[in-house]
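Under the working numbering, the first residue of the sequence shown carries the number 48, and numbering increases by one thereafter. Note that the Cβ used here is the ideal one computed from N, Cα and C, for glycine as well. Predicted model, so just to flag it, every value in this text is computed and none were measured.
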Amino acid sequence: MLAAAGALTLAAGCTGSPAPEGSIAPTSATSSSPAATGVVDAAASTVAQTLPIQSVGEAPSSAGVADGVLAPTNRWYSALAYADLPAKAYPTPVAVQVDAGSIGIALPSVVGSDALIAAQTGAFLTVAVGGSDARPQVTINDPVYTSLAYSGPDGPLATATVAQGWPAIGLVADADVTLTLSSAPAWGDDGVGLVELEGTTYGVTTSRAQVDGASVTLAAGGWLQVFPIPSGDDATGFTDPAGYAALMSSPVTKATSKWAVGTQTTTTTLAYTTVDGGPTVLVPSAAVDGTSPDGTCDIGLFDTIDGPTVACAGTALAWDVTTVTPQLTLNVSGLTAEQKQAVTTALDAEAGGVAYPSDTYFGSKAMYRDAQLLALADDLGDTAASTQIGERLATELGQWTDPEGCTTRTSRCFVYDDAWGGVVGLDTAFGSEQFNDHHFHYGYLIYAATIAVQEGIVDIDAVAPVIDSLVADIASPGTSEVPAIRVFDPFAGHSWASGISPFADGNNQESSSEAITAWTAVAAWAQLRGDAGAATRAQWMLSAEAHSSLALYVRPDTSFAPEYTHLVVGIEWGAKRDYATWFSADPAAMLGIQLIPMAPTQIGILTPADDTAAGRATASIAEAMPTGTADQFTDLITMYTALGGAKTQAAAWAVALTLPDSAIDDGMSRAYMLAFIASVG
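Here it is, written out as structure tokens:
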């Protein structure tokens, strides 16, 4: 059983002691894996020994990925490896495009409509690599930075470098090579070339180079970088192209993600390494109050789909968000006798459950539902319901957490797919065989298993091999078997859901709330296993994802794009923000998909902190459900209304008592809905 408050409290740093920290640096095909210090992280090195090895579905194309590099799924740049050429990606604040033998950069303009905020990209300033006519190959699988190798018949020619938050592209010569720009720069005496293209000025700088119009010949080890120069304004005062070019220094060749989790704030630091070791221009996300710890942030304004942001000069970016403490189950200690009776009545009616689906999404979601019911039954002393739910859930978890399950059956089990470098569950759902949505699916199952261990219906040693493997797939520090934090983007502060991202608009994520649920589950599981490092890393991701959920999806400030008329965002892409979902055009879906499953941790995240937030929440509810009900998500939106104070809480309670069973989500129960509403007062 959990503590009376129902909260799983991590050791998030205390007064007088350093906050728990961690870091992830990029690894190449030849780099050794980092040493793991905790039992959960250590399991990320043995996934292929724990689970059967099996290819599920079609293997990923290897044309765009270098030998020995784990498939770069769920990255902001996954399209560069897997999309049809020319392929685009969007490292904030620029757009890049790769083709056979070339790479280009553009500075998008931000445009809006009533249901869309988009990065509109015009012509790219392109650099062609002489002697290379093949698709470039991704050589680094890292959350923030990547590189692409351009080769010819005789071997490597040049390596392109791109990174989130770095407003440039770089090309480092692996051999003597001639590069050709699509527009000839006007070369100055200072060696800086300037190109005017569709209203944007681009700078070109080089090292160990001979230039002749559009042609740049690099000696091995030399480099070229191309970057848009932001316009100056009264706020930034930066109008000097030559001075800006000097600040660009040399190409970025590495980005290290660091974090520190304190009791009040969680800090993310991205440290960038350049060819010459000096500072460069870095651009924080508009969703955070970013700074450069060793530089200044006043050198130019960039427009992005998340809002305007001012560039910094330095070697790192850093920002704080509010620390979120995971809460695994509801605190029902303050319920009145009448409320407890209503919840218990619903529990008894729902204890019989429904048939568990056999796929990784709906099956895991159903187990999560029952795990929350089990915790409620135990906390309220409903022994009969607890026994009935616990026996059913333990049996189902026993199947899913059998490491050898897929050797004897084709559903309710997991394999290690060595073609992709990760864990795939059977049955698949929503393209999970291509690594779509793994954090959504596995988050629910990790969550259910954690509660089941806490409530004593399964043994931790029995479920740990599979649960540790699922954590490794979505949240590991990175090993030779699984990539580092597969889905999470430290710069963006949120996850990416598409595995191969074969889209012109980059990667995307729809349900920020299910990502929050996943990191809550991973943090809780890691603490249960005694792995402080894994728990801290998960709490960092949770805190960042929670901040992004509010800032980008649930209560976004879109005043910079006044054409956008809605109060929430349904899908965040690399190049656009949509008032849309993958499954419905109903306004309730836009809000509901950012609330599901209304896990206990979401209470603290979603409760309005001030009148402005309360007003935005009320308005978004009215937009989503103007008649008080909807075809889908009435239950979740009703629970959201309960966070607005005693009056709306009472109204939500009345709705929850009489809501038709057909209006309750398959991951929700009436008992949990009632307990949630009663517990938020």
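Three-pair Cβ contact test at 8 Å for the segment 492-502 versus the segment 403-416: Yes, they touch.
Reduced DSSP category for G437 - H, G, I as helix; E, B as strand; rest coil: As a working mapping, residue 437 is identified with position 390 in the sequence shown. It is helical.
P190 beta carbon less than 9 Å from that of P537: Position 490 of the sequence shown, counted from the first residue, corresponds to residue 537. Position 143 of the sequence shown, counted from the first residue, corresponds to residue 190. Yes. Within cutoff.
G159 - DSSP class collapsed to helix/strand/coil: Here residue 159 corresponds to residue number 112 of the sequence shown, with the count starting at 1. Reduced to three states, the DSSP call for G159 is strand.
Same chain, Cβ closer than 6 Å to C15, neighbours up to 5 away in sequence not counted: Residue 15 lies beyond the stretch modelled for the chain, which goes from 48 to 728, so this question has no answer here.
L394 and A432 closer than 9 Å at C-beta: If you number the sequence shown from 1, residue 394 lands on position 347. If you number the sequence shown from 1, residue 432 lands on position 385. Result yes, Cβ atoms of L394 and A432 sit closer than 9 Å.
Three-state secondary structure assigned by DSSP to A384: Residue 384 sits at position 337 when you count from the first residue of the sequence shown. Residue state, collapsed to three classes: helix.
Environment of A396 [buried if 16+ CB atoms lie within 10 Å]: Your numbering for residue 396 matches position 349 in the sequence shown. Exposed: under 16 other Cβ atoms inside 10 Å.
Inter-residue Cα distance where the pair is A582 and L704: Looking up residue 582 in the sequence shown gives position 535. Looking up residue 704 in the sequence shown gives position 657. If you take the alpha carbons of A582 and L704, they lie about 37 Å apart.
G169 versus E243 - alpha carbon distance: The count along the sequence shown starts at 1 and reaches residue 169 at position 122. The count along the sequence shown starts at 1 and reaches residue 243 at position 196. Spanning the two alpha carbons is a distance of roughly 13 Å.
Cross-strand partners of R624 (DSSP beta bridge): For the purposes of this step, residue 624 is taken as residue 577 along the sequence shown, with counting starting at 1. Looking at the DSSP assignment, R624 forms a beta bridge with I164 and E619.
beta-carbon F349 near the ligand MG non-hydrogen atom, thresh 8 Å: Although the ligand MG was asked about, the structure shown includes no ligands whatsoever.
Short Cβ contact (9 Å threshold) for Q556 with S631: By one-based count along the sequence shown, residue 556 stands at place 509. By one-based count along the sequence shown, residue 631 stands at place 584. Not closer than 9 Å, so no.
Residues of its chain near G437, where Cβ-Cβ distance is below 6 Å and the 5 sequence neighbours each way are ignored: Counted from its first residue, the sequence shown places residue 437 at position 390. If we look at G437 and ignore the five residues flanking it on each side, its Cβ neighbours are L421 and I504.
A565, DSSP secondary structure in three states: Mapped onto the sequence shown, residue 565 falls at position 518. Correct three-state label for A565: helix.
The segment 531-546 touching the segment 475-490, judged by at least three CB pairs closer than 8 Å: Between the segment 531-546 and the segment 475-490 there are three or more inter-stretch CB-CB distances shorter than 8 Å, so the stretches are counted as touching.
Assigned exposure category for V470 - 16 Cβ within 10 Å defines buried: Along the sequence shown, read from residue 1 onward, the residue named residue 470 stands at position 423. Looking at its Cβ environment, which holds 16 or more other Cβ atoms inside 10 Å, V470 is buried.
Three-state secondary structure assigned by DSSP to T208: One-based indexing of the sequence shown puts residue 208 at position 161. Strand at T208.
C-beta atoms of S304 and T327 nearer than 9 Å: Indexing the sequence shown from 1 puts residue 304 at position 257. Indexing the sequence shown from 1 puts residue 327 at position 280. Not a contact, by the Cβ cut-off of 9 Å.
Straight-line Cα distance separating G235 from A215: By one-based count along the sequence shown, residue 215 stands at place 168. By one-based count along the sequence shown, residue 235 stands at place 188. The alpha-carbon atoms of A215 and G235 are separated by roughly 20 Å.
Given A333 as reference, the closest of P355, G177 and E68 once Cα atoms are compared: In the sequence shown, residue 333 corresponds to position 286, counting from 1. For A333, the closest of P355, G177 and E68 by C-alpha to C-alpha distance is P355.
Span separating the alpha-carbon of A511 from that of A90: The residue labelled residue 511 in the question sits at position 464 within the sequence shown. The residue labelled residue 90 in the question sits at position 43 within the sequence shown. When rounded, the distance between both Cα atoms is 10 Å.
Where the beta strand (DSSP E) through R255 begins and ends: Walking along the sequence shown from the start, residue 255 turns up at place 208. R255 -> beta strand (DSSP E) spans T247 to D259.
Start and end residues, beta strand (DSSP E) containing L721: The count along the sequence shown starts at 1 and reaches residue 721 at position 674. Where L721 is concerned, there is no enclosing beta strand (DSSP E), although the alpha helix (DSSP H) it sits in stretches over R717 to S726.
Within 9 Å, strictly: CB atoms of A778 and A142: Residue 778 lies beyond the stretch modelled for the chain, which goes from 48 to 728, so this question has no answer here.
Run of the beta strand (DSSP E) containing Y197, from where it starts to where it stops: Residue 197 sits at position 150 when you count from the first residue of the sequence shown. Per DSSP, Y197 belongs to the beta strand (DSSP E) from Y192 to G199.
Of the residues W366, V224 and S156, the one placed nearest P275, counting alpha carbons only: Here residue 275 refers to the residue found at position 228 when the sequence shown is read from its first residue. For the residues W366, V224 and S156, the minimum Cα distance to P275 belongs to S156.
Proximity below 9 Å, CB of T315 to CB of V368: Within the sequence shown, residue 315 is the residue found at index 268, counting from 1. Within the sequence shown, residue 368 is the residue found at index 321, counting from 1. Cβ distance < 9 Å, so T315 and V368 count as in contact.
Other residues of its chain near T648: CB distance less than 6 Å, five sequence neighbours each side excluded: The count along the sequence shown starts at 1 and reaches residue 648 at position 601. P373, Q374 and T567.
Backbone CA spacing between G246 and A622 [nearest angstrom]: In the sequence shown, counting from the first residue as 1, residue 246 sits at position 199. In the sequence shown, counting from the first residue as 1, residue 622 sits at position 575. Computed Cα separation, rounded: 20 Å.
Cα-Cα separation between A476 and T448, rounded to whole angstroms: By 1-based counting over the sequence shown, the position of residue 476 is 429. By 1-based counting over the sequence shown, the position of residue 448 is 401. In a straight line, the C-alpha of A476 is about 18 Å away from that of T448.
Residues bridged to K305 (per DSSP): Position 258 of the sequence shown, counted from the start, is the residue given in the question as residue 305. In DSSP, K305 forms a bridge with S70 and T316.
Proximal residues to V702 (C-beta, below 6 Å), its chain only, five neighbours per side dropped: Within the sequence shown, the letter at position 655 stands for residue 702. Cβ neighbours of V702 beyond the five flanking positions: T685.
Among R255, S125 and D287, the one whose alpha carbon lies nearest that of A210: Taking the first residue of the sequence shown as 1, we reach residue 210 at position 163. Closest by alpha carbon: S125.
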